[in-house]
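Student:
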Amino acid sequence: MGERYERVSDVLQVLSHPVRLQIADELRGGEACVCHIQSVVGRSQPYVSQQLSKLREADLVTDRREGLFVYYGLDDPAVERVLEAMLGPLEERGRVAACACPRCEAVSRPTRDVVRREAHAIRGEVT
Ligand SMILES: [Zn+2]
850 MGERYERVSD VLQVLSHPVR LQIADELRGG EACVCHIQSV VGRSQPYVSQ QLSKLREADL
910 VTDRREGLFV YYGLDDPAVE RVLEAMLGPL EERGRVAACA CPRCEAVSRP TRDVVRREAH
970 AIRGEVT
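Quick note on numbering: the sequence shown equals residues 850 to 976 in our numbering.
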């Protein structure tokens, strides 16, 4: 019985961080690659990877490699329910303006070149 409370306490501790909450919230809309999450939270790739590994260590997200991209997704339906209770129902997700990941590119082919330029600008800031 104690184990159950420890598990929930661990989950809440990992989620008790604004950026990790934002990442988990974004993943409610479906799997996303690191570059997409990076565009959403506006942080450097090492920082995002660090937060993702904390979420993964707590078994809240899974990762799946596909070609050059690693996709992250929520792994715990209970977390989705908690997020819904705290943040409200899932909103329709469009394209993230500064993102050039395959998912965002599929949403907006015509502006692909603009998206690429923005993505390069972001990468420039990070390095
Ligand atoms: Zn994207």
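Virtual Cβ for every residue (Gly too), placed ideally from N, Cα, C.
Determine which residues share a DSSP beta bridge with C882 and list them.
Tutor: C882 is bridged by DSSP to Y920.
Student: So what does DSSP say about R877, is it helix, strand or coil?
Tutor: coil
Student: Give me, in chain order, the residues of the same chain whose beta-carbon lies closer than 6 Å to that of Q887; leave out the 5 immediate sequence neighbours on both sides.
Tutor: Q894 and V897
Student: Rounded to whole angstroms, what's the CA-CA distance from C882 to E852? Just pull it up for me.
Tutor: 32 Å
Student: Please classify Q900: is it buried, with 16 or more other beta-carbons within 10 angstroms of its beta-carbon, or exposed?
Tutor: Buried is the call here.
Student: On the CB-based measure, 16 or more other CB atoms within 10 Å of its CB, does A947 come out buried or exposed?
Tutor: buried
Student: My output table needs one value for E940: the three-state DSSP class, helix, strand or coil.
Tutor: coil
Student: Is the beta carbon of V868 sitting closer than 7 Å to the one on V890?
Tutor: yes
Student: Is R952 a contact residue of ligand 1, with contact defined as CB to any heavy atom under 6 Å?
Tutor: yes
Student: Answer with buried or exposed for E855, where buried requires no fewer than 16 other C-beta atoms within 10 angstroms of its C-beta.
Tutor: exposed
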